[in-house]
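Sequential numbering of the sequence shown, starting at 482, is according to my numbering. Virtual Cβ for every residue (Gly too), placed ideally from N, Cα, C. Computed from a predicted model, the values in this text were never measured in an experiment. Report on the structure given below.
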Amino acid sequence: MRPLPVLPQLPDGRLEEGFAESKPAYNEAEAVTEANRCLYCVDAPCVKSCPTGIDIPEFIRKIATGNVKGAARTILAENILGYSCARVCPVEVLCAGGCVYNAWGRQPIAIGRLQRFATETTLAQGGMRALYASKIKPKTGKRVALVGAGPASLAAAALLAMEGHECVIFERKQYAGGLNTLGIAPYKLKANDAMKEIAWIFELGAIELRTGTSVVSGDISIEGTVTAKSLLRDFDAVFLGLGLGPDSALGAKNEAGPGVYGAVDLIEKIKSDPAMTLKGVTHALVIGGGNTAIDIAHELALLNVGDVAMVYRRGREDMSAYAHEIEYGMKHGVRVLTERVLTEVVRDASGNVTHGKLARAQGGKPVPGTEETVPCQLIAMAIGQSRATEVATAFDGVALDSKGRVVVDPTTHRTGNAKVWSGGDCVNGGKEVVNAAQEAKLAVRDMLRALAG
Ligand SMILES: Cc1cc2nc3c(=O)[nH]c(=O)nc-3n(C[C@H](O)[C@H](O)[C@H](O)COP(=O)(O)OP(=O)(O)OC[C@H]3O[C@@H](n4cnc5c(N)ncnc54)[C@H](O)[C@@H]3O)c2cc1C
Ligand code: SF4
Numbered sequence: 482m483r484p485l486p487v488l489p490q491l492p493d494g495r496l497e498e499g500f501a502e503s504k505p506a507y508n509e510a511e512a513v514t515e516a517n518r519c520l521y522c523v524d525a526p527c528v529k530s531c532p533t534g535i536d537i538p539e540f541i542r543k544i545a546t547g548n549v550k551g552a553a554r555t556i557l558a559e560n561i562l563g564y565s566c567a568r569v570c571p572v573e574v575l576c577a578g579g580c581v582y583n584a585w586g587r588q589p590i591a592i593g594r595l596q597r598f599a600t601e602t603t604l605a606q607g608g609m610r611a612l613y614a615s616k617i618k619p620k621t622g623k624r625v626a627l628v629g630a631g632p633a634s635l636a637a638a639a640l641l642a643m644e645g646h647e648c649v650i651f652e653r654k655q656y657a658g659g660l661n662t663l664g665i666a667p668y669k670l671k672a673n674d675a676m677k678e679i680a681w682i683f684e685l686g687a688i689e690l691r692t693g694t695s696v697v698s699g700d701i702s703i704e705g706t707v708t709a710k711s712l713l714r715d716f717d718a719v720f721l722g723l724g725l726g727p728d729s730a731l732g733a734k735n736e737a738g739p740g741v742y743g744a745v746d747l748i749e750k751i752k753s754d755p756a757m758t759l760k761g762v763t764h765a766l767v768i769g770g771g772n773t774a775i776d777i778a779h780e781l782a783l784l785n786v787g788d789v790a791m792v793y794r795r796g797r798e799d800m801s802a803y804a805h806e807i808e809y810g811m812k813h814g815v816r817v818l819t820e821r822v823l824t825e826v827v828r829d830a831s832g833n834v835t836h837g838k839l840a841r842a843q844g845g846k847p848v849p850g851t852e853e854t855v856p857c858q859l860i861a862m863a864i865g866q867s868r869a870t871e872v873a874t875a876f877d878g879v880a881l882d883s884k885g886r887v888v889v890d891p892t893t894h895r896t897g898n899a900k901v902w903s904g905g906d907c908v909n910g911g912k913e914v915v916n917a918a919q920e921a922k923l924a925v926r927d928m929l930r931a932l933a934g
């Protein structure tokens, strides 16, 4: 087996290392037993619920008959990120949510765990190169620049590299993988496991990664940057996989300062920063009602913060977090406080957070005179992320919509510039890894036609 390409490794001593897996890998006997429960439905609803359209009954049948490599091929043919998606996809609301067993009140087929069994078993035995060796095309001499090293760009680079195109990925951060490496809850996928997939992708062909390099607008590139203009000049095509921007702030009194984190930033620290500690944190407030809010609340609870309260300004029915994730978090001690708004962060003389002031809320707005002061040493703001798409407009012809999303043709993912495609969170406003993979697939299909022409 060829050695894997060297990617920057995450250091030891990070909080995420202590997490156990929520859905551990199946062994062969477990996988075959589960696969044999599948009814191999015609017009299978599970397939219709998969954004990438994987032929689920087909890959499950292959597992049942001992053809694990074939199963992995079936998965990766539609979703090149099938390894990480097996672990991070919200299958409860996608494929498994569509399984016919649900209608009979029975446990749906564990599609995600079967997908993990097939991809992990196969890729561990030689990576993607072994699987696709005969399919990788000779070099074309065409070069594609990919902005951002998240799932969207990585999926696009994998598919382009197999077609013989040279790819250069520009990533502003130190690590590749975007939120797949730095954002996914550690009980689903740890950063080093996400890195394995990236290494397998890099084996597929000429893919170069330039971390610590931001793509910027303007005419001048200083160290650590490269201009949009130079990418348009030096490459045959460009793919924008910019993702979303930093966490939004709430605007509560005394919010800025130590002890108050943006949720995505805090998750990144838990996953990648050995200096991050929760020493002295016994009570935490998480502000927000979405999936990022429940993720960080759940993570803090699993990291033994004694009291973790998720604070949401409207009712439980209005929370956008998946019901299964809320239930799972609550099982591990997360409290959900609805119809409350954080109005003030209380700090001691040294600036440390000691309490939060919570007001009752009506219609999402605080009701004056209803405030109570609750103890906490850490507050995580999970009320959304800003956009990181401004740079996209530095590529002539690329436009943003009123919500700051990159505008593309939905069938081809080509932007208003004939040389520029885009996909993932910067286009869809923030969905799942599987959507980024699918959008990259559509973009590459069109890009291949353009590069061939
Ligand atoms: C906390 C959290 C938990 C999540 N959990 C799940 C989950 O369990 N399952 C799931 O399917 N999805 C989950 N998601 C969503 C999923 O992570 C995203 O949908 C997916 O990562 C989108 O991929 P992307 O490539 O579009 O963007 P990203 O993953 O955000 O990657 C974009 C990359 O582009 C880089 N970049 C941006 N601008 C520039 C620039 N100008 N120059 C160079 N580089 C740049 C960024 O640094 C980043 O690395 C989660 C999201 C969050 C925030
Ligand atoms: S819907 Fe369920 S039983 Fe039918 S093919 Fe899909 S996984 Fe198998």
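- Q588 versus E808, N560, Y803 and R518, residue with shortest Cα-Cα distance: R518
- Message: Ignoring anything shorter than 3 residues, give me the beta strand (DSSP E) runs that lie fully in the region 621-665, in order along the chain.
- Response: The qualifying runs are 624-628 and 647-652.
- Task: Leaving out five residues on either side along the sequence, give the residues of the same chain with a beta carbon under 6 Å from the beta carbon of V888.
- Result: The residues are A880 and D882.
- Between the Cα of K504 and those of Y809, G844, G897 and V901, spot the shortest distance and give me the residue it belongs to. Y809
- Could you tell me whether the Cβ atoms of C527 and A577 are closer together than 9 Å? yes
- For G801, which beta-bridge partners are listed by DSSP? In the sequence on display, residue 801 carries Ser and not Gly. Under DSSP, S801 takes part in no beta bridge, so it has no partner.
- With a cut-off of 8 Å on the beta carbons, I'd call L783 and H764 a contact; round off their distance for me. So it is not a contact: roughly 16 Å between Cβ atoms.
- Would the beta-carbon of L520 be found less than 8 Å away from any heavy atom of ligand 2? yes
- Query: Mind checking whether G693 and K654 have CB atoms under 9 Å apart?
  - Reply: yes
- Report whether the distance from the Cβ of T708 to the nearest heavy atom of ligand 1 is below 8 Å. no
- Item | Extent of the continuous beta strand (DSSP E) to which Y742 belongs | V741 to G743
- Spatial neighbours of V817 within its chain, please: CB distance less than 6 Å, with the 5 preceding and 5 following residues excluded, ordered by chain position. M791.
- Message: Let's test the definition: count the other Cβ atoms within 10 Å of the Cβ of W585 and tell me whether it reaches 16, buried, or not, exposed.
- Response: exposed
- When the Cα of P739 is compared with those of D829, A774, E652 and F540, which residue comes out closest? D829
- Query: In the region 535-619, which residue ranges form an unbroken alpha helix (DSSP H) of at least 4 residues, counting only runs that do not cross its ends?
  - Reply: Runs of the alpha helix (DSSP H) lying entirely within the region 535-619, each at least 4 residues long, are 537-545, 549-559, 563-569, 576-579, 592-604 and 608-613 in chain order.
- Message: So, with DSSP's three-state summary, where would you put Q858?
- Response: coil
- From this set, G761, L781, A733 and L766, which residue's C-alpha is nearest I751's C-alpha? L781
- In terms of alpha-carbon separation, which member of M862, T555 and T893 lies closest to G732? M862
- Task: Can you grab the Cα-Cα spacing for the pair S565 / V572, in whole Å?
- Result: 13 Å
- Query: Quick one: Cα of R930 to Cα of Y613, how far?
  - Reply: 21 Å
- Query: How many Å lie between R483 and G607 at the Cα?
  - Reply: The predicted model places R483 with a pLDDT of 43, which falls under 50 and marks its position as unreliable; any figure quoted below should be read in that light. Whole-angstrom Cα-Cα distance: 8 Å.
- Query: To the nearest whole angstrom, what separates the beta carbons of A637 and G722, a pair I think is in contact under 8 Å?
  - Reply: 7 Å
- Kindly give me the distance between the Cβ atoms of M928 and A718, rounded to whole angstroms, as I take these residues to be in contact under 8 Å. 5 Å
- Task: Have a look at L670, V925, G832 and L839 and flag the residue whose alpha-carbon is nearest the alpha-carbon of T824.
- Result: L839
- Report yes if the C-beta of Q866 is less than 8 Å from at least one heavy atom of ligand 1; otherwise report no. yes
- Item | Top-ranked residue by Cα proximity to Q596, from I777, A516, G771 and E853 | A516
- Query: What did DSSP end up calling T514 once you bin it into helix, strand or coil?
  - Reply: helix
- From the DSSP output, in three-state form, read off F683 for me. Three-state result, F683: helix.
- Task: Using three-state DSSP, classify V834 as helix, strand or coil.
- Result: For V834, the secondary structure class from DSSP, reduced to helix, strand or coil, is strand.
- Item | Alpha-carbon to alpha-carbon, T893 and R926 | 7 Å
- Item | Contact under 9 Å by Cβ, Y656 with M643 | no
- With DSSP as the reference, please indicate the residues paired to Q866 in a beta bridge. DSSP, once it has assigned bridges, lists D728 as partnering Q866.
- Item | T708 (DSSP reduced to helix, strand or coil) | strand
- Query: Taking the C-alpha atoms as reference points, what is the distance between P849 and S729?
  - Reply: Their Cα atoms are separated by approximately 24 Å.
- Item | Length at least 3, wholly inside the region 875-918: the beta strand (DSSP E) runs in chain order | 901-903
- Message: Considering only their Cβ atoms, is the gap separating N909 from N916 smaller than 9 Å?
- Response: Yes, Cβ-Cβ distance for N916 and N909 is below 9 Å.
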